[in-house]
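Participant: Taken in sequence, the protein lines are chains A and B. Counting from 1, one number per residue, gives the positions in the first sequence under UniProt numbering. Counting from 1, one number per residue, gives the positions in the second sequence under UniProt numbering.
2 protein chains.
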Amino acid sequence: MKLLHTADWHIGRTLNGYSLLDEQKHAFDQILQIAKDEHVDGVVIAGDIYDRAVPNPEAVAALDKMLREINLENKIPIYAISGNHDSAKRLNYGRKWMEYTNFHLNTFINEAFTPIETDDVQIFLLPFFDPLDARVYYQKQGMPEENVKNITTIGAAMQLIVSDMVKLFDKNKKHLLITHFAVTPNKDEEIPLTSETTSKVGGLATLTTDQFKDFDYVMLGHIHTRLASPSETVRYSGSPVKFNIKEARLKNKGKGVDIVNIDDSGITHEFKPITPKTDLVVLEEDWPTLCDADFYKKQPINQDWFAITIKNFDRSEHVQTNIRAELQKRYGTIVELDYQIDQDKNELENTAVNINEISPEETVDKFYQTITGKDLSNKQKTIVENIFNEVERENK
Amino acid sequence: MKLLHTADWHIGRTLNGYSLLDEQKHAFDQILQIAKDEHVDGVVIAGDIYDRAVPNPEAVAALDKMLREINLENKIPIYAISGNHDSAKRLNYGRKWMEYTNFHLNTFINEAFTPIETDDVQIFLLPFFDPLDARVYYQKQGMPEENVKNITTIGAAMQLIVSDMVKLFDKNKKHLLITHFAVTPNKDEEIPLTSETTSKVGGLATLTTDQFKDFDYVMLGHIHTRLASPSETVRYSGSPVKFNIKEARLKNKGKGVDIVNIDDSGITHEFKPITPKTDLVVLEEDWPTLCDADFYKKQPINQDWFAITIKNFDRSEHVQTNIRAELQKRYGTIVELDYQIDQDKNELENTAVNINEISPEETVDKFYQTITGKDLSNKQKTIVENIFNEVERENK
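#1: Mind checking the stretch 53-77 of chain B against chain A and listing, in chain order, the residues whose C-beta falls within less than 7 Å of any C-beta there?
#2: The alpha helix (DSSP H) that contains I259 of chain B, what's its start and end?
#3: Who are V183 of chain A's beta bridge partners in DSSP?
#4: Just how far apart, CA to CA, sit E232 of chain A and K173 of chain A?
#5: Beta-carbon of K89 of chain B versus every beta-carbon of chain A: anything under 7 Å?
#6: Exposed or buried, T268 of chain B, counting other C-beta atoms within 10 Å across all chains shown (16 or more means buried)?
#7: Report the rounded CA-to-CA distance for I76 of chain B versus I109 of chain B, giving the unit in angstroms.
#8: Residues in the same chain with beta-carbon distance under 7 Å from R135 of chain A, minus the five sequence neighbours each way, listed in chain order, please.
#9: In three-state DSSP terms, what is T107 of chain B?
#10: I want to know whether the stretch 27-40 of chain B touches the stretch 60-79 of chain B - three or more CB-CB distances under 8 Å.
#11: Within its chain, find whatever has a CB closer than 8 Å to the CB of L207 of chain A; leave out the 5 residues flanking it on each side and keep chain order.
#12: Any idea what DSSP makes of K65 of chain B, helix, strand or coil?
#13: So if DSSP puts T309 of chain B in a beta bridge, which residue, or which two residues, is it bridged to?
#14: For the alpha helix (DSSP H) containing R135 of chain B, name the first residue and the last one.
#15: Check the C-beta distance from I11 of chain B over to I49 of chain B and give it rounded, since I have them as a contact under 8 Å.
#16: Does the stretch 87-96 of chain B touch the stretch 43-57 of chain B, meaning 3 or more C-beta pairs lie closer than 8 Å?
#17: Can you give the beta carbon distance from F212 of chain A to L177 of chain A, rounded, assuming they're within the 8 Å contact cut?
#18: For Y137 of chain B, go through chain A and note every residue whose CB falls closer than 9 Å to its CB, in chain order.
#19: Check each residue of the stretch 37-51 of chain B: if its Cβ is closer than 7 Å to any Cβ of chain A, include it; give the result in chain order.
#20: With D41 of chain B and L91 of chain B assumed to form a contact (beta carbons below 8 Å), what rounded beta-carbon distance in angstroms separates them?
#21: Less than 7 Å separating the beta-carbons of A27 of chain B and S237 of chain B?
#22: Quick one, which of B:T225, B:R226, B:G221, B:R235 has its alpha-carbon nearest F215 of chain B's?
#23: Using a C-beta cutoff of 7 Å, does W97 of chain A count as contacting chain B?
#24: Leaving out the 5 sequence neighbours to the left and right, which residues in its chain are closer than 8 Å to I334 of chain A when beta-carbon positions are compared?
#25: Using the C-alpha atoms, what's the distance from L105 of chain B back to T289 of chain A?
#26: To which residues of the same chain is C291 of chain B closer than 6 Å at the C-beta, ignoring the five residues directly before and after it?
#27: Thinking G256 of chain B and K272 of chain B are a contact (beta carbons under 8 Å), I'd like their distance in whole angstroms, please.
#28: According to DSSP, is T275 of chain A part of a helix, a strand, or is it coil?
#29: Using a Cβ cut-off of 8 Å, pull out every chain B residue sitting near P101 of chain A, in sequence order please.
#30: For a contact meaning CB atoms closer than 7 Å, what does N389 of chain A contact in chain B?
#31: Here's a check: name, in chain order, each residue in its chain whose Cβ is nearer than 6 Å to the Cβ of L376 of chain A, leaving out the five neighbours to either side.
#32: At a CB-CB cut-off below 7 Å, which residues of chain B make contact with G17 of chain A?
#33: Please list the partners that Y79 of chain B has in chain A, where partner means a Cβ-to-Cβ separation under 9 Å.
#34: At the level of alpha carbons, what is the spacing between A62 of chain B and P276 of chain B?
#35: Quick one: list the residues of chain A neighbouring G94 of chain B, beta-carbon separation under 9 Å, in chain order.
#36: Need the endpoints of the alpha helix (DSSP H) that G155 of chain A sits in, please.
Shown next as structure tokens:
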């Protein structure tokens, strides 16, 4: 069996107000072409299909078309789940009709215990959930109230869910899991992450690979770079499109999909890159350089998008200048414009945390550190996580 | 062929903040039972399936369940269109998968020219549209620009659309149309409407029955009472649930569905009533009567909902009284509470126009009348209609 693993499409997302829909359609066309060229037996979309609980109508129409092209026009099965950005109730609409053409889409925990069966593989589709969802599910299953109360973390819930899935295992088949969480390597293993792919991405609540040891392979969504994959068999495909400056700094390293091959000899994955239509170019230069024709004419001006930080910038020398207009004249679309007043580059990097790029939980964590000089305790982290879960729930 | 005709479910609607979802589910159960008892060949839902372009998640889940029960569990075909309350783009999601089980759902004009064919009937599904939608459609069809510009009213657009449908007619079959507009009898015919079912309901833009003379039968949505049906063969089913005080004043007259029977001898329709779970009782009495146990104990207190108008009411005599609380103690749920200061009942009726019950276009019309003493001219009406179309378009 051969599967294409992708995730985090975030259809409908914008980058500082600029729609990414054309970029997402361009990436989708490549995903579909790879699926056809590789003759895959299915496309896995591991959550965060939409960018928000209530996507705009254009996003709804675009996604419908993409899913039709895969599933109806090319007859390729889809194995999909909802992520934390999707509304489970909204995305669930119509799924029972979609099952008729092997488009499987789970958005609720209770749907995760009916694996999709092929001759030699069981595929479990576990959507994103929060601890309250798990408590409600296990309460309905008749679990005693005192046990239900103990499900306060994703880790505790995942342990129960995986052990229930293992009970359904057919020993003659391989076992795949598709889910949508932050998963890090086990504590005793070396963390293979670079500073650019910190394990903090995606919130404080993390799971570790050992919780998934019963599965032969786990296809994850949630973290947008495949470089954050915690092991050889528990893997992120990453998002097909760059969503922010931090990802743009990685150039196009790691933007693509995985082809996962499952046969008697084992499970292998092979990376297939996706190239952007409009790239996002990050420039950090001083004002004379940015305005120098020799410099900017070497850039993909009037073609790609630019995120520009002007170094060593003294605003008082440019009071009469419309900085953005001057740069747009030379470069075209500028999706982000920053000024670096301070000359200390290290300090720039340290203060360059864009709160759009980190999770709400991390924002609280960083704020707490700044004010008190201490880290949040685990108990405090759980409280923060629960509050944000409640807030997100309200919106869905 | 036997069809069940219903429309205007408005799933997700509230009545002064009170959710009607339980009431709508109760009505749906009866609709499904009628469909099963009558062994119908299809359920027609003639638009305004949801109450708003962005229904809440509970409405989405409730509708999904209803449609599954009809189409997947009971294998009954569905013939549905979007109305002016639905978002065409949002409701369109998934329709291509639904077609596999004979759930037909059109939300765009271009989809209306592929009739559903049975052995002896052609069913045309024409969703609600506005003149701009029609202009865009005919422009794409290659119509010369000067002709496109002339499509400024629903009437002009409908004439073009119907003539294009007639070209597709199979002469050996009967021709049904399902659509969602205000249609009135021809000008030379007597208008069979009572004051309670004024033709003004649903906006100023109206069509007349002669525009549909090529069809054997037209199943309409948009106007919430079947009593407004403009002819024997151009008919409203009405909404299955009462949505406002005006409808409550009609008691339960006319709330239900039509069973439409199509055979060689002709087309007949038979009304099947739907009974409410929680009724909406309108009381217009003076304060002593409302507080009199002999009076209120005869009412369905603590069971149905009440809309109460206190007649001959002098607030200065009751400054210490929490009127709503006193009435709730006696009656239970009060969804609307009004005071009639003036004793002239005629004047009460004249001033009792609730702007929630009339269309935005009518509100402008009434305001203009009040200020200037004149009616809006036809040209002015068209301008007002176009403005509201633009505003609605923005929201979808």
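Glycine is no exception: its CB is placed at the ideal position from the N, C-alpha and C atoms.
Facilitator: Let me spell this out:
#1: If the cut-off is 7 Å between Cβ atoms, the stretch 53-77 of chain B has V54, P57, V60, A61, D64, R68, L72 near chain A.
#2: Along the second sequence, read from residue 1 onward, the residue named residue 259 of chain B stands at position 259. Here I259 of chain B belongs to no alpha helix (DSSP H); instead the beta strand (DSSP E) covers 256-263.
#3: Position 183 of the first sequence, counted from the start, is the residue given in the question as residue 183 of chain A. Beta-bridge pairing by DSSP links V183 of chain A to A:L207.
#4: As a working mapping, residue 232 of chain A is identified with position 232 in the first sequence. As a working mapping, residue 173 of chain A is identified with position 173 in the first sequence. Using only the alpha carbons, I get a separation of about 20 Å.
#5: To locate residue 89 of chain B, count along the second sequence from 1; it is residue 89. Closer than 7 Å to some Cβ of chain A, the Cβ of K89 of chain B qualifies, so yes.
#6: Taking the second sequence and counting its residues from 1, the one referred to as residue 268 of chain B is at position 268. The residue in question, T268 of chain B, is exposed, as its Cβ has fewer than 16 Cβ neighbours within 10 Å.
#7: Within the second sequence, residue 76 of chain B is the residue found at index 76, counting from 1. Within the second sequence, residue 109 of chain B is the residue found at index 109, counting from 1. Spanning the two alpha carbons is a distance of roughly 25 Å.
#8: Position 135 of the first sequence, counted from the start, is the residue given in the question as residue 135 of chain A. The residues V148, I151, in chain order, have a CB closer than 7 Å to that of R135 of chain A in the same chain once the five nearest residues on each side in sequence are set aside.
#9: What you label residue 107 of chain B is simply residue 107 of the second sequence in a count that begins at 1. The answer is coil: DSSP assigns T107 of chain B none of H, G, I, E or B.
#10: By the criterion of at least three beta-carbon pairs nearer than 8 Å, the stretch 27-40 of chain B is in contact with the stretch 60-79 of chain B.
#11: Along the first sequence, read from residue 1 onward, the residue named residue 207 of chain A stands at position 207. Within the same chain, L207 of chain A has close Cβ partners I154, G155, M158, F181, A182, V183, T184.
#12: To locate residue 65 of chain B, count along the second sequence from 1; it is residue 65. In this structure, K65 of chain B counts as helix in the three-state DSSP scheme.
#13: The residue labelled residue 309 of chain B in the question sits at position 309 within the second sequence. According to DSSP, T309 of chain B bridges with B:E284, B:D338.
#14: Counting from one through the second sequence, the residue named residue 135 of chain B turns up at place 135. Counting along the chain, the alpha helix (DSSP H) containing R135 of chain B begins and ends at 131-140.
#15: The residue given as residue 11 of chain B occupies position 11 in the second sequence. The residue given as residue 49 of chain B occupies position 49 in the second sequence. Approximately 6 Å separates the beta-carbon atoms of I11 of chain B and I49 of chain B; this is inside 8 Å, confirming the contact.
#16: With a cut-off of 8 Å, the stretch 87-96 of chain B and the stretch 43-57 of chain B count as touching, because enough Cβ pairs lie within range.
#17: Stepping through the first sequence from its first residue, residue 212 of chain A is reached at position 212. Stepping through the first sequence from its first residue, residue 177 of chain A is reached at position 177. That pair is a contact at about 6 Å.
#18: Here residue 137 of chain B refers to the residue found at position 137 when the second sequence is read from its first residue. Those do not exist, as Y137 of chain B stays about 16 Å from chain A at its closest Cβ, beyond 9 Å.
#19: Against chain A - using a Cβ distance shorter than 7 Å - the stretch 37-51 of chain B contributes no residues.
#20: The residue you call residue 41 of chain B lines up with position 41 of the second sequence. The residue you call residue 91 of chain B lines up with position 91 of the second sequence. With a Cβ gap of about 23 Å, D41 of chain B and L91 of chain B do not count as contacting.
#21: One-based indexing of the second sequence puts residue 27 of chain B at position 27. One-based indexing of the second sequence puts residue 237 of chain B at position 237. No, Cβ-Cβ distance for A27 of chain B and S237 of chain B is not below 7 Å.
#22: Here residue 215 of chain B corresponds to residue number 215 of the second sequence, with the count starting at 1. Measuring from the Cα of F215 of chain B, the nearest candidate turns out to be B:R235.
#23: As a first step, residue 97 of chain A must be located in the first sequence, where it is residue number 97. It does; some Cβ of chain B falls within 7 Å.
#24: Working through the first sequence from its first residue, we reach residue 334 of chain A at position 334. For I334 of chain A, where only same-chain residues beyond five positions count, the Cβ hits under 8 Å are W305, F306, A307, I308, R324, L327, Q328.
#25: Mapped onto the first sequence, residue 289 of chain A falls at position 289. Mapped onto the second sequence, residue 105 of chain B falls at position 105. Our two residues, T289 of chain A and L105 of chain B, have alpha carbons roughly 58 Å apart in a direct line.
#26: Within the second sequence, numbered from 1, the residue matching residue 291 of chain B stands at position 291. Answer for C291 of chain B: no residue qualifies.
#27: In the second sequence, the residue the question calls residue 256 of chain B occupies position 256. In the second sequence, the residue the question calls residue 272 of chain B occupies position 272. That belief holds up - the Cβ atoms of G256 of chain B and K272 of chain B are roughly 5 Å apart, short of 8 Å.
#28: In the first sequence, counting from the first residue as 1, residue 275 of chain A sits at position 275. Looking at T275 of chain A - three-state DSSP - the assignment turns out to be coil, as it is neither helix nor strand.
#29: In the first sequence, counting from the first residue as 1, residue 101 of chain A sits at position 101. The question names Pro, but residue 101 of chain A is Thr in the sequence shown. Going along chain B in sequence order, the residues near T101 of chain A (Cβ under 8 Å) are W97, Y100.
#30: The residue labelled residue 389 of chain A in the question sits at position 389 within the first sequence. In chain B, no part has a C-beta under 7 Å from the C-beta of N389 of chain A; the shortest such distance is about 16 Å.
#31: Taking the first sequence and counting its residues from 1, one reaches residue 376 of chain A at position 376. In its chain, beyond the 5 residues on either side, D365, Y368 have a beta carbon closer than 6 Å to the beta carbon of L376 of chain A.
#32: In the first sequence, residue 17 of chain A corresponds to position 17, counting from 1. Within chain B, no residue comes near G17 of chain A; the closest Cβ sits about 18 Å away, beyond 7 Å.
#33: Here the question's residue 79 of chain B lines up with position 79 in the second sequence. Against Y79 of chain B, chain A offers no close residue; the least beta-carbon distance is about 16 Å (beta-carbon pairs closer than 9 Å).
#34: Mapped onto the second sequence, residue 62 of chain B falls at position 62. Mapped onto the second sequence, residue 276 of chain B falls at position 276. When rounded, the distance between both Cα atoms is 18 Å.
#35: Translated into the one-based positions of the second sequence, residue 94 of chain B becomes position 94. Simply D64, L67, Y93, G94, R95, W97, M98.
#36: Taking the first residue of the first sequence as position 1, residue 155 of chain A is located at position 155. Note, G155 of chain A: alpha helix (DSSP H), 154-166.
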